[in-house]
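*Asks:*
2 protein chains.
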Amino acid sequence: MKSTKKPQRQHLLKRLIETNSISAQTQLVEAMASKGIQVTQATVARDLAEIGAIKVRGQNGINVYTVDELPQKQTTTVQHLKRVLGEWTIEVKYSANLVVLRTPPGSAHVVASALDRSGIQGVLGTVAGDDTILIVTENNLKRVSVVKYLKELAGL
Amino acid sequence: MKSTKKPQRQHLLKRLIETNSISAQTQLVEAMASKGIQVTQATVARDLAEIGAIKVRGQNGINVYTVDELPQKQTTTVQHLKRVLGEWTIEVKYSANLVVLRTPPGSAHVVASALDRSGIQGVLGTVAGDDTILIVTENNLKRVSVVKYLKELAGL
DNA sequence: ATCCAACTTGCATTATTATTCTTTATAATG
DNA sequence: CATTATAAAGAATAATAATGCAAGTTGGAT
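Protein chains in written order, with this note's numbering: chain A, 11 to 166; chain B, 11 to 166.
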């Protein structure tokens, strides 16, 4: 069954989870059936993945689906990077296109991981020792902005 | 058994999901074991719930845990409300402490649901008909701000 | 000290979600 | 058309997560 139906179905799905508090895929199967669209849980699972829906924790302990097309991953990694840098950055120095970031002993890998995961523009890669991280930037110009960005996030 | 360990365990849990890409609770059980903290999947599940961790969809299709204490619910409902109002509000009128919002036939309940879920300050409650929503505000003063807010969101 | 109530946690089980495998339908191509 | 390729979706199943229950623990209050 090639579909003219799929887009409409996913649209309804979105509407359903936006306007109701849905906490299981079987609920969606039923809700959609009542709207005249009959599908199986398997299809709902795939649709939810495609529209990027996730389950969030409700205050009352029940979890509900939401669509939230926020650049979530992005936002959160930056938040995280800020926390990490703020907590563990001792100093930021540089030379040419290299940036050297110092941390407390043993913490370099944690910070480097956060840096890698945040994908900073202009950064080619990082190498972490025990208390030092070497950050390789594309060129001197990029290095300037990278250093500025790092210091800002670190609160230096 | 041991209760002095719980806070530390949850802290480690947080760190683990922040610095790695974890996609299943069993992974966490193993990771924690390698850090010297031995727990079962059941405990991890409960801890994740307590710290509010959720699973988000990675671009590559794999889902990873994240802690993100975003005012997510808040943000999204306002976003959603804006979308809904923008799409279905025909006009906003009022009288004393009552606001009357008109929508296309059959859409009133959708809009009312969005309104209810966004919990607007000063609104006591709503009643939805087929194409009309009656919004009861606390008093005339509140009504003024509610009307302004609604029109703004609706783009009127 | 003894008891009680509120917590924690593991185990076992259930509930929920993701995926594999297969079938069918639609489109594309010669 | 016939044929092949591709996308979709269901059924069954595997994988993952949540939970009921019972067994400790702890920190008071009596």
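Backbone N, C-alpha and C define an ideal beta-carbon position, used for all residues, glycine too.
No experiment lies behind these values; they were computed from the predicted model shown.
Of all the options A:59, A:28, A:74, which has the alpha carbon lying nearest to the alpha carbon of residue 66 of chain A?
*Replies:* When only C-alpha atoms are compared, the closest one is A:74.
*Asks:* Where does the unbroken alpha helix (DSSP H) through residue 23 of chain A begin, and where does it stop?
*Replies:* That run of the alpha helix (DSSP H) goes 16-29.
*Asks:* Taking Cβ to Cβ, would you say residue 45 of chain B is nearer than 8 Å to residue 22 of chain B?
*Replies:* Result yes, Cβ atoms of residue 45 of chain B and residue 22 of chain B sit closer than 8 Å.
*Asks:* Just by C-beta distance, which residues in the segment 93-124 of chain A are closer than 9 Å to chain B?
*Replies:* So the list reads 93, 94, 119, 120, 123, 124, given in the order they occur along the chain.
*Asks:* If you count every other CB in all the chains shown that lies within 10 Å of the CB of residue 50 of chain A, and 16 or more means buried, which is it?
*Replies:* Under this definition residue 50 of chain A is an exposed residue.
*Asks:* Would you check if there are 3 or more beta carbon pairs closer than 8 Å linking the segment 135-148 of chain A to the segment 30-40 of chain B?
*Replies:* The segment 135-148 of chain A is not in contact with the segment 30-40 of chain B.
*Asks:* Interface residues of chain A around residue 32 of chain B at Cβ under 9 Å?
*Replies:* The contacting residues do not exist; residue 32 of chain B stays about 13 Å from chain A at best.
*Asks:* Taking residue 152 of chain A as the reference, which of A:133, A:18, A:29, A:55 has the closest Cα?
*Replies:* Nearest of A:133, A:18, A:29, A:55 to residue 152 of chain A, Cα basis: A:133.
*Asks:* Flag residue 21 of chain B as yes if its beta-carbon sits less than 8 Å from any beta-carbon of chain A, otherwise no.
*Replies:* Closer than 8 Å: no.
*Asks:* In or out: residue 28 of chain B buried (at least 16 other Cβ within 10 Å) or exposed?
*Replies:* It counts as buried.
*Asks:* Determine the DSSP secondary structure at residue 82 of chain A, reduced to helix, strand or coil.
*Replies:* With a pLDDT of only 49 at residue 82 of chain A, under the threshold of 50, the placement of this residue in the model should not be trusted; the figure read from the coordinates follows. Here residue 82 of chain A sits in helix by DSSP.
*Asks:* How about residue 66 of chain B: is its C-beta nearer than 8 Å to some C-beta of chain A?
*Replies:* Taking Cβ atoms only, chain A reaches closer than 8 Å to residue 66 of chain B, which makes this a yes.
*Asks:* With a threshold of 8 Å between beta-carbons, can residue 82 of chain A be considered close to chain B, or not?
*Replies:* Its pLDDT being 49, under 50, residue 82 of chain A is placed unreliably by the model, and the measurement read from it follows with that caveat. By this cut-off, residue 82 of chain A is an interface position.
*Asks:* Determine whether the Cβ of residue 59 of chain B lies closer than 8 Å to any Cβ atom of chain A.
*Replies:* So, interface residue.
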